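Chains as they are written, first to last, in my numbering: chain A, 51 to 393; chain B, 51 to 393. Quick reminder that beta carbons are idealized off the backbone N, C-alpha and C, glycines included. This one's a predicted model, so the numbers in the text were calculated from it and none came from an experiment. These notes concern the structure reproduced below.
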DNA sequence: CTGTTAGCGCCTTCAA
DNA sequence: TTGAAGGCGCTAACAG
């Protein structure tokens, strides 16, 4: 299918017997122009259905007014909330966004970066894939002075602005809550250990335990690659052990829900036998049975903040030295952890 | 923040004392070029960290290799699945995507259309907002011969290709299933009546009833604007009536779940007192209690199909007369409707 | 095999 | 108040 012809300033100019520059000036409402000429041109443009060509402008001014976004996956509620915040913010400030998903693949992430840079995006918002363990591609981006910031899945290795939630504190809130409920043998179900959030949330987990005088014990840490299969396997392993925990803090809600399913299958009562808490506050968590206690992350706000900050940097409203924004998480108490009321 | 300087072919040419066209040819591996020259140029480009400027190419060839996507909202699982399918497909075929969300607003949808057209997207994939009841903006797009197709939320008014699921048949499957379970007084909970899917799903509902010799009765149709508030209100109204239904078919899962919550609050047993079925198969539906019987829509596949078809049209692999793709839905039987086994 | 020229659509001097 | 010229980065047609 061939795209229909788009009217250009040149054509308007020819029809009216004026120069292209005059048309250009009229269309951007320049004051140094005879009102009549302006009127004639604007009317002609409207009647010819003229549509401004942003591409040409971008080339001209070396600014595309496009932001690139790379996320691990589009279908997760958290990331789509981020994107929603980014999109709304960018739109309000006159920018479009181009989106890529790395599908949690390092190679894909590098490829995405390349096409977005090629497309001359003015800046990038990046959330790293699970596989990303080396950062040369980001370093190169940095060296080439292409503005970008990271959100949620970040690395400390590159000195750019970052937007995250307070993972450690969120985990602390969750585990502290479990402790308040009387649990003392609390397991931590972790994602891959090299993931930033796995580490941070473990910090909070350990801090809460320490505060209650419980010796740090790695023996209650279970690691999964977050596939349903392995989540199930790890949970079964835990159940097979002699000294079962009385509570589980799972690094993210989907993991918590996988754990919940396995526990229920095995006749374990939640929260009576084992209390459970997650992290993220996915919509699903509110409706599972029992409803899942979790930590709420402000996904939409993160997206807004990240986009606003990047645009502030681009527009030099704000100096471009790296800042770290840490958003607050909140505890959402639900039934999966209410020992006191349900026991 | 100023974007770092990007190396251009011109600079490479100057460094090497050749012409820009030679550089251009070398970089696209043209055969009519001395291997040595080519080698020198490619090496120089690499060492200077040259990055191709897609924007300039777009302007030159009048093709941006960008697809525009407009969806009502980004955070719904169904639409993010669509987008995921679109993105993966576009990427594979060398296209980027620009995404806008209309936030269910007609004005926003028109504005989105405008900026995407301005950005010179090669084609558009559109899913209409709930508010969209007039179609001049699409007609204009059509008249201007900008290739686009619609998916999921479509209108028959514009002769372009459409990708939808078989809504009527899906509804038929759900209601037929409820009938098989022995229910005879089946209510239909509908969204706004001017919505395409509201109508189509009602058709399937009525067809199933008819097949069982149940007189069409509008009295069991309940209409909501799909806000939680009104969903609740309508459900309460239904409960207040004398002749309660023994089953409910809700137009979409979130509505079904709102209904489920209200029923449970009122001590109604599901499915024993009232069976329940939804439509969409959101991830949430699998984990609610009782798990929700629903109709599965292939969101990712819809996105893939839509993107592939549009690109086929653009690349003239396929003639550009409008086609209608109707994807199959499947019944997902879960506990909210299993009268036979649970009664 | 390589260089020159022209132009994609737009805007910004500079000149008139 | 308006026009002409030049250029953003790249490519394609035409020379040589």
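Beta-carbon proximity check, residue i vs residue j, cutoff 8 Å
| i | j | result |
| --- | --- | --- |
| residue 140(A) | residue 132(A) | no |
| residue 326(B) | residue 387(B) | yes |
| residue 120(B) | residue 169(B) | no |
| residue 124(B) | residue 134(A) | yes |
| residue 218(B) | residue 241(B) | no |
| residue 307(B) | residue 342(B) | yes |
| residue 166(B) | residue 108(A) | no |
| residue 58(B) | residue 215(B) | no |
| residue 382(A) | residue 334(B) | no |
| residue 51(B) | residue 197(A) | yes |
| residue 183(B) | residue 138(B) | no |
| residue 211(B) | residue 372(B) | yes |
| residue 295(B) | residue 236(B) | yes |
| residue 261(B) | residue 339(A) | no |
| residue 360(A) | residue 143(A) | no |
| residue 189(A) | residue 389(A) | no |
Identity of the residue in the options nearest residue i by Cα
| i | options | result |
| --- | --- | --- |
| residue 376(A) | 260(A), 63(A) and 200(A) | 200(A) |
| residue 323(B) | 329(B), 205(B), 331(B) and 313(B) | 313(B) |
| residue 127(A) | 346(A), 82(A), 365(A) and 359(A) | 346(A) |
| residue 344(B) | 370(B), 301(B), 318(B) and 356(B) | 301(B) |
| residue 65(B) | 95(B), 79(B) and 77(B) | 95(B) |
| residue 354(A) | 202(A), 165(A), 335(A) and 192(A) | 202(A) |
| residue 319(B) | 385(B), 329(B), 359(B) and 330(B) | 385(B) |
| residue 291(A) | 299(A), 207(A) and 271(A) | 271(A) |
| residue 136(B) | 88(B), 352(B), 111(B) and 362(B) | 352(B) |
| residue 99(B) | 87(B), 77(B), 110(B) and 111(B) | 77(B) |
| residue 156(B) | 213(B), 111(B), 175(B) and 187(B) | 187(B) |
| residue 282(B) | 264(B), 311(B) and 251(B) | 311(B) |
| residue 358(B) | 90(B), 93(B), 330(B) and 174(B) | 174(B) |
Bridge partners - residue i, DSSP secondary structure assignment
| i | result |
| --- | --- |
| residue 377(B) | 215(B) |
| residue 150(B) | 120(B) |
| residue 174(A) | 118(A) and 198(A) |
| residue 236(A) | 297(A) |
| residue 273(B) | 240(B) |
| residue 326(A) | 298(A) |
| residue 343(B) | 327(B) |
| residue 382(A) | 344(A) |
| residue 338(A) | 338(B) |
C-alpha distance - residue i paired with residue j, whole-angstrom precision
| i | j | result |
| --- | --- | --- |
| residue 60(B) | residue 101(B) | 12 Å |
| residue 273(A) | residue 285(A) | 10 Å |
| residue 70(A) | residue 82(A) | 15 Å |
| residue 172(A) | residue 178(B) | 29 Å |
| residue 393(A) | residue 192(A) | Confidence is the limiting factor: at residue 393(A) the pLDDT is only 39, short of 50, which leaves the residue's position unreliable, though a coordinate-based value still follows. Each residue's alpha carbon lies about 54 Å from the other. |
| residue 181(B) | residue 180(A) | 39 Å |
| residue 115(A) | residue 209(B) | 33 Å |
| residue 53(A) | residue 163(A) | 28 Å |
| residue 228(A) | residue 185(A) | 37 Å |
| residue 113(A) | residue 298(B) | 54 Å |
| residue 315(A) | residue 356(B) | 40 Å |
| residue 257(A) | residue 222(A) | 7 Å |
| residue 328(B) | residue 224(B) | 8 Å |
| residue 268(A) | residue 238(A) | 9 Å |
| residue 280(A) | residue 309(A) | 10 Å |
| residue 364(B) | residue 367(A) | 41 Å |
| residue 56(B) | residue 194(A) | 8 Å |
| residue 332(A) | residue 74(A) | 50 Å |
Closer than 7 Å: residue i CB and nearest the ligand GTP heavy atom
| i | result |
| --- | --- |
| residue 234(B) | With respect to the ligand GTP, the structure offers nothing, as it holds no ligand at all. |
Residues, ordered as in the chain, of the region 86 to 111 of chain A that lie near chain B by beta-carbon distance below 8 Å: From the region 86 to 111 of chain A, only 99, 101, 102, 103, 104, 105, 106, 108 and 109 have a Cβ closer than 8 Å to chain B.
Identify each residue in the region 184 to 201 of chain B for which the Cβ-Cβ distance to at least one residue of chain A is less than 7 Å, and report them in chain order. Those residues of the region 184 to 201 of chain B that come within reach of chain A (Cβ to Cβ, closer than 7 Å) are 194, 195, 196 and 197.
Listed from N- to C-terminal order along the chain, which residues in the region 320 to 333 of chain B have their beta-carbon within a distance smaller than 8 Å of any beta-carbon of chain A? When C-beta distances to chain A are compared with 8 Å, the residues of the region 320 to 333 of chain B below that value are 333, in chain order.
Please identify, using Cβ separations under 7 Å, the residues of the region 332 to 361 of chain A that lie next to chain B, in order along the chain. Residues 333, 334, 337, 338 and 339.
What residues in the region 365 to 383 of chain B bring their beta carbon closer than 7 Å to a beta carbon of chain A? Taking 7 Å as the Cβ-Cβ cut-off against chain A, the residues of the region 365 to 383 of chain B that qualify are 366 and 370.
The region 231 to 244 of chain A: which residues have C-beta closer than 8 Å to a C-beta of chain B, in chain order? Under the 8 Å Cβ criterion, the region 231 to 244 of chain A contributes no residue.
Got a sec: which bits of the region 125 to 137 of chain A sit with their beta carbon under 9 Å from any beta carbon on chain B, in order along the chain? Residues 125, 126, 127, 129, 130, 131, 133, 134 and 137.
Listed in chain order, which residues of the region 157 to 178 of chain A have Cβ atoms closer than 9 Å to some Cβ of chain B? Those residues of the region 157 to 178 of chain A that come within reach of chain B (Cβ to Cβ, closer than 9 Å) are 158, 161, 162, 164, 165, 166, 167, 168, 169, 170, 172 and 173.
Positions along the region 295 to 313 of chain B whose CB lies within less than 7 Å of some CB in chain A: Residues 307.
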